[in-house]
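To start, the structure itself, in structure tokens.
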Amino acid sequence: MKNSEILLNLLIVSPGQVTTGGEELLEQWKSGIDGFLWLDIEGPTSDKAASLLNNQFDFDPADVDAALQDRHPPRFDGYDEQFFILLKMLDSDSHSLDFSTQQMAVFVGENYIVTRHTRESNYLDALRKRLMQANVQIDTPYELSALLANRMVTRYGNILLELEQRLDVLEDELLESPSDRILQELLGYNTALRKMRRIMNYHLSVLNSLYRYVRKQGITAIESQCEQISEEAERFNSLAELYQNVITDLIEGYISLNSHQLNQVMRVLTVVTVLFLPLG
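Note that our numbering has the sequence shown beginning at 506, numbered continuously upward.
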């Protein structure tokens with residue numbers, strides 16, 4: 506690992522008060538606080554990030570290793586005193602099927618939450634500001650983790666819902682004036698949906714595991730929310746499959762229509778050839 510520069514954001518969230526600061530807040534947290542610590546680590550994998558995760562907290566080494574990797578499948582691990590969830594969040598600039606992701610590692614205990622990601626997250630920045638300005642109430646780290654999971658599922662879902670309107674337009678265009686441009690667009694959507702479904706299938710398993718863990722541990726603060734998040738993930742996963750089937754049908758329809766038109770042209774050419782073919 507390298508000593509690459511990382512950005513640390515630390516908050517202590519207490520009833521009616523949010524304290525910001527540097528690593529001194531870790532010592533304050535260890536001495537006992539009325540509330541919870543939020544440590545956010547932003548930046549590339551580094552010795553500093555590894556040291557914080559390995560030495561300041563009692564995290565499972567396998568979870569730390571996964572959190573420090575640039576690419577790792579979504580994952581959930583639950584323990585008696587804490588849980589670890591690894592998500593593939595959409596980048597802040599991703600608003601369509603031409604999307605990119607960044608890994609978000611989340612460690613959650615009774616009085617702390619640690620988030621780790623490589624690039625800037627507009628959502629986390631905004632959430633910190635809202636906390637500091639008392640514009641949002643988050644009483645436990647569990648609630649914060651549920652907000653992150655819900656945000657992830659909602660953003661994937663919004664992309665799918667916008668695609669539905671575009672598919673309606675393309676279907677009409679395909680009937681009125683089929684073109685290679687439409688085919689290329691459909692093929693692009695099909696590839697992107699395949700990628701999204703692969704990610705969502707991972708997340709569906711992870712979110713179901715989170716919900717079962719929350720129920721088993723009796724974390725009532727987020728039990729109903731985790732159930733809703735899991736159900737939403739299932740719904741959007743099914744929606745992605747439905748849209749992929751629709752796109753496949755449209756592509757096959759385009760190919761069939763083109764084949765029919767080509768056959769018609771060949772028939773005309775055959776007739777013309779027969780009529781004008783010299784006799785003898």
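For glycine and all other residues, C-beta sits at the position ideal for the given N, C-alpha and C.
task = Mark A639 as exposed unless 16 or more other C-beta atoms lie within 10 angstroms of its C-beta, in which case mark it buried.
result = Residue numbering aside, residue 639 sits at position 134 when the sequence shown is read from its first letter. The residue is exposed, with fewer than 16 neighbouring Cβ atoms inside 10 Å.
Cα-Cα separation between I727 and F581, rounded to whole angstroms = Locating residue 727 in the sequence shown gives position 222, where the first residue counts as 1. Locating residue 581 in the sequence shown gives position 76, where the first residue counts as 1. Rounded to whole angstroms, the separation of the alpha carbons of F581 and I727 is 16 angstroms.
ask   = Under 8 angstroms, do N742 and L698 count as touching if we go by C-beta distance?
value = As a first step, residue 742 must be located in the sequence shown, where it is residue number 237. As a first step, residue 698 must be located in the sequence shown, where it is residue number 193. No, these two residues do not count as a Cβ contact at 8 angstroms.
message = Could you tell me the alpha carbon to alpha carbon distance between D565 and Y584, rounded to whole angstroms?
response = Looking up residue 565 in the sequence shown gives position 60. Looking up residue 584 in the sequence shown gives position 79. Here the alpha carbon of D565 sits roughly 9 angstroms from the alpha carbon of Y584.
message = For the structure I just gave you, are there three or more beta carbon pairs, one from the region 568-578 and one from the region 528-540, closer than 8 angstroms?
response = At 8 angstroms Cβ cutoff, the stretches do not touch.
query = In chain order, which beta strand (DSSP E) runs of at least 3 residues are fully inside the region 543-609?
reply = 580-583, 587-595, all fully within the region 543-609.
request  = Pick out whichever of T645, Y694, Y661, I756 has its Cα sitting closest to the Cα of V863.
outcome  = Within the shown structure, residues of the chain are numbered from 506 to 785, placing residue 863 beyond reach of any answer.
key: Buried or exposed (CB count within 10 angstroms, at least 16 for buried), V689   = The sequence position of residue 689 within the sequence shown is 184, counting from 1. Residue identity differs from the one stated: residue 689 is Gln in this sequence, not Val. Taking a 10 Å sphere around the C-beta of Q689, we find fewer than 16 other C-beta atoms and assign the residue as exposed.
key: alpha helix (DSSP H) runs contained entirely in the region 699-726, provided each spans 4 or more residues   = Here no run is fully enclosed.
message = Does V518 come out as helix, strand or coil in the three-state DSSP assignment?
response = Taking the first residue of the sequence shown as 1, we reach residue 518 at position 13. When DSSP states are grouped into helix, strand and coil, V518 belongs to the strand group.
request  = With a threshold of 16 other CB atoms inside 10 Å of the CB of H600, please say whether the residue is buried or exposed.
outcome  = By one-based count along the sequence shown, residue 600 stands at place 95. Residue environment: H600 is assigned as exposed (fewer than 16 neighbouring CB atoms within 10 Å of its CB, all protein chains considered).
message = With three or more beta-carbon pairs closer than 8 angstroms as the criterion, would you say the region 624-641 touches the region 587-606?
response = In short, these stretches touch, since the Cβ pair count reaches three.
ask   = How many angstroms separate the CA atom of A467 from the CA atom of E615?
value = For the chain, the structure presents residues 506 to 785; residue 467 sits outside this window and is missing.
ask   = Nearest CA to the CA of I752: which residue from T696, L557, N514, A555?
value = In the sequence shown, the residue the question calls residue 752 occupies position 247. Across the set T696, L557, N514, A555, the C-alpha of T696 shows the shortest separation from the C-alpha of I752.
query = Taking buried to mean at least 16 other C-beta atoms within 10 Å of its own C-beta, is P520 buried or exposed?
reply = Translated into positions along the sequence shown, residue 520 becomes position 15. Counting Cβ neighbours within 10 Å, P520 comes out exposed, since fewer than 16 surround it.
For I760 and G785, the rounded distance between their alpha carbons = The residue labelled residue 785 in the question sits at position 280 within the sequence shown. The residue labelled residue 760 in the question sits at position 255 within the sequence shown. Its pLDDT being 47, under 50, G785 is placed unreliably by the model, and the measurement read from it follows with that caveat. Answer to the nearest angstrom: the Cα atoms are 40 angstroms apart.
ask   = Anyone know if the C-beta pair for I590 and V711 falls short of 8 angstroms?
value = As a first step, residue 590 is located in the sequence shown; it is residue number 85 there, counting from the start. As a first step, residue 711 is located in the sequence shown; it is residue number 206 there, counting from the start. The answer is yes: Cβ separation under 8 angstroms.
message = Tell me the rounded alpha-carbon separation between L642 and V613.
response = Position 137 of the sequence shown holds residue 642. Position 108 of the sequence shown holds residue 613. Looking at the sequence itself, residue 642 is Gln, so the reference to Leu does not match. Separation of Q642 and V613 (C-alpha to C-alpha, rounded to the nearest whole angstrom) is 18 angstroms.
request  = Sort out for me which residues DSSP pairs R633 with in a bridge.
outcome  = Taking the sequence shown and counting its residues from 1, one reaches residue 633 at position 128. In the DSSP assignment, no residue is bridged to R633.
key: Rounded straight-line distance, which links the Cα of S682 to that of R624   = For the purposes of this step, residue 624 is taken as the residue at position 119 of the sequence shown. For the purposes of this step, residue 682 is taken as the residue at position 177 of the sequence shown. When only Cα atoms are considered, R624 and S682 end up about 43 angstroms apart.
query = Mapping DSSP to helix, strand and coil, what is T645?
reply = Sequence index remark: in the sequence shown, residue 645 carries index 140 (1-based). DSSP places T645 in coil when its eight states are reduced to three.
task = Sort out for me which residues DSSP pairs L512 with in a bridge.
result = Residue 512 sits at position 7 when you count from the first residue of the sequence shown. In the DSSP assignment, the residues bridged to L512 are E547.
query = Which whole runs of the alpha helix (DSSP H) in the region 644-692 are 4 residues long or more, in chain order?
reply = Counting only runs of 4 or more, we get 646-681.
request  = Determine the burial state of E510: buried for a count of at least 16 other Cβ atoms within 10 Å of its Cβ, exposed for fewer.
outcome  = Here residue 510 corresponds to residue number 5 of the sequence shown, with the count starting at 1. A residue is called buried when at least 16 other Cβ atoms come within 10 angstroms of its Cβ; E510 does not meet this threshold and is exposed.
key: Local conformation of T623 per DSSP, three classes   = Numbered from 1 along the sequence shown, position 118 holds the residue referred to as residue 623. In this structure, T623 counts as coil in the three-state DSSP scheme.
task = For T725, verify whether its CB is less than 7 angstroms away from any heavy atom of the ligand SAH.
result = What this structure holds is no ligand at all, so the ligand SAH is not there to describe.
query = In terms of residues, what are the limits of the alpha helix (DSSP H) holding E529?
reply = By one-based count along the sequence shown, residue 529 stands at place 24. Per DSSP, E529 belongs to the alpha helix (DSSP H) from 529-535.
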